[in-house]
Structures are given as structure tokens and as C-alpha cells.
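Below: one structure, written as C-alpha cells.
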Amino acid sequence: MKGTIYCGACGSRFIIVNANNVKGRIYPYFVCNGRHSKATSCTRQAILIEDVERLVEKYYESIQISGEMRQSLAGMVHAEFDHLLAEDSGELESLAKERFGLEEERLVVLRAHYSGAISLELLKEEQMRIEARLDDIKGRLSAHHDEYAAARENLDDCLTLLANVSLIYSRCDNQNRSLCNQAFFRKIFIDQDREVRVEYQPSYEALCDIEIQGNALNWAEQAKKKDEVQTFSRVETLVEGLNLAHMG
2 MKGTIYCGAC
12 GSRFIIVNAN
22 NVKGRIYPYF
32 VCNGRHSKAT
42 SCTRQAILIE
52 DVERLVEKYY
62 ESIQISGEMR
72 QSLAGMVHAE
82 FDHLLAEDSG
92 ELESLAKERF
102 GLEEERLVVL
112 RAHYSGAISL
122 ELLKEEQMRI
132 EARLDDIKGR
142 LSAHHDEYAA
152 ARENLDDCLT
162 LLANVSLIYS
172 RCDNQNRSLC
182 NQAFFRKIFI
192 DQDREVRVEY
202 QPSYEALCDI
212 EIQGNALNWA
222 EQAKKKDEVQ
232 TFSRVETLVE
242 GLNLAHMG
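Position 93 of the sequence shown, counting from 1, maps to 94 under the working numbering, and the rest follow consecutively.
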């Protein structure tokens, strides 16, 4: 846990310090490293590690999404992927036509060489040029399809975790709790009043955004009423936040 826990007062990382009571019992505390090393003027008091663990576990309860929210977010973002694919259809058609033209050009150049119209050296240069462009087109066509497939799968995985995150975290041992924290958060801040603030990892920053969640619920409601796809101004932002934006 210590790798992601920070002081909410000065932003320094928390470090672990063991303290003994009069009976010799050891109590592990989180201490602000800024105060401990005197690198800052922070006056933040130490806090028991077990208290921090309870605070973080409670925070996971607050970010877990309902089944309705999961369905709404999935529907809204998958609709945006469909929209992006539709926008890409013209480019994909253009790339396919260019690929066909290059394959035809490769045959024309080869026939020209056999007829003595161009030299072997020029043939090699032209073939290398054509092959390089064909490889580029092949990669772009493949990326368009593979990226969206991976993006949709990544979205569904993220939403599945968010719908069960509190239960998952409560059942983790200390090592897996640390991994869970690292997966969801860049930093977890514990304020002086023991309030928890976080900096999310990019994917979850978008999915846990209150405005985006509200847009998703509105999208789902409008879709039910009109039986058509509705979009909101921040859907594209959500796709980008998930690191799932289509390639240019």
C-alpha cells in the first residue's frame, strides 16, 4: 500500500515507521516523509496503517458502480466506437483501393522489366517502393480493426472491475491490495481530517468521472425513449481517457 499513499497536506509520500508502546508492542504508522525528512514545513500527524487501510477500503465502496451504471457507460462508449468506425469507413475504403492499385502497379512494373522497358535496378527500386507502401497500408488496416476490438474488450474489463471493486478489494491480501491500488490510482492522498482524495489511472479517471457517469445515465434514458443512439460532448473525451482513441 505504501507505494501509492501520500500526505494530503503537502503531497509528500507516506513512509512506514514502527513505534513501540510502554509494553513493547509495535505499532506501524504512516508518516509524512516531507515532515520526517524536514524537506517541507508539513505538520501532518502520523496515522496508524490499519486506519489508512480502513479509509481506503471505504473509498473503494464509494467508487463501485451499480449494474445500471455499468450498462449505461458500456452502451454510451460502445456507441461512440460504432460512430468512430463509421467515420473510418471512408478511409478504410480508400486504403483498400490504394492497396489494389499498388498490386496492379507491381504487375505492370514487372511486365515492363520483362519487355525490356525498364532496367533491373529500376525494377528493384520500384518493387521496394511498392512493397513499403503495401506494408504500411496492411499495418494501418490491421490496426483499425485490432485497436477497436482491443478497446472494446478493455472497456468491458474495466467496467467489470468497477462493478465489483469493493468486494474484490475487501478479499485481497496486503500484496494484492497494493497491486489493486496501483491499477486504479496514481496517488491516494490522506488529508488531515482523514478524507481520501485520489488521482486515478487514466482509464478509471474517465469512468469514475461524475459528469461522464451522469451523461451515461442520460444517454441510456434518451436511448430508451427514442430507441436511437444519443451522444454527449464528453463521450469522445471518455474514449481518449481510456487510451482507446482510434489511430490517426
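Just so it is clear, CB atoms sit at the ideal spot from N, CA and C, and this is done for glycine as well.
Between F82 and Y170, the gap from beta carbon to beta carbon reaches 7 Å or more. Annotation: the continuous alpha helix (DSSP H) that includes K59 extends over 50–64. Per DSSP, E196 is not a residue of any alpha helix (DSSP H), being assigned neither H nor E. Contact between R112 and Q128 does not hold, since the beta-carbon distance rounds to 13 Å and is not under 8 Å. By the Cβ neighbour-count rule, S204 is buried, with 16 or more other Cβ atoms within 10 Å of its own.
The way I'd put it, the segment 117–133 doesn't touch the segment 36–47; fewer than three beta-carbon pairs between them come closer than 8 Å. In the three-state DSSP reduction, I138 falls in the helix class (H, G or I). In this structure, M70 sits away from W220, with a CB-CB distance that is not shorter than 7 Å. C8 and D192 have their C-alpha atoms roughly 7 Å apart. Straight-line spacing of the CA atoms in E154 and G215 works out to 23 Å.
Between V166 and Y61, the C-beta gap is smaller than 7 Å, which places the two residues in contact. In this structure, DSSP gives K188 an extended state, which the three-state scheme calls strand. DSSP lists I16 as the bridge partner or partners of V32.
If you look at C8, you'll find it in the beta strand (DSSP E) that goes 6–8. Exclusion of the five residues before and after A217 leaves S73, L74, M77 as the residues of its chain whose Cβ lies within less than 6 Å of its Cβ.
With respect to the 7 Å criterion, V32 and V18 are classified as neighbours on the basis of their beta carbons.
The C-beta of S116 has fewer than 16 other C-beta atoms within 10 Å across all chains shown, which makes the residue exposed.
Put simply, of S13, E58, F185, I66 the residue whose alpha carbon is nearest the alpha carbon of A40 is S13.
The C-alpha of A118 lies about 33 Å from the C-alpha of E94. Inter-residue distance for L208 and R100 is about 39 Å (C-alpha atoms, whole angstroms). In the three-state DSSP reduction, I27 falls in the strand class (E or B). If you ignore the 5 residues before and after G4, its C-beta comes within less than 6 Å of no other C-beta in its own chain.
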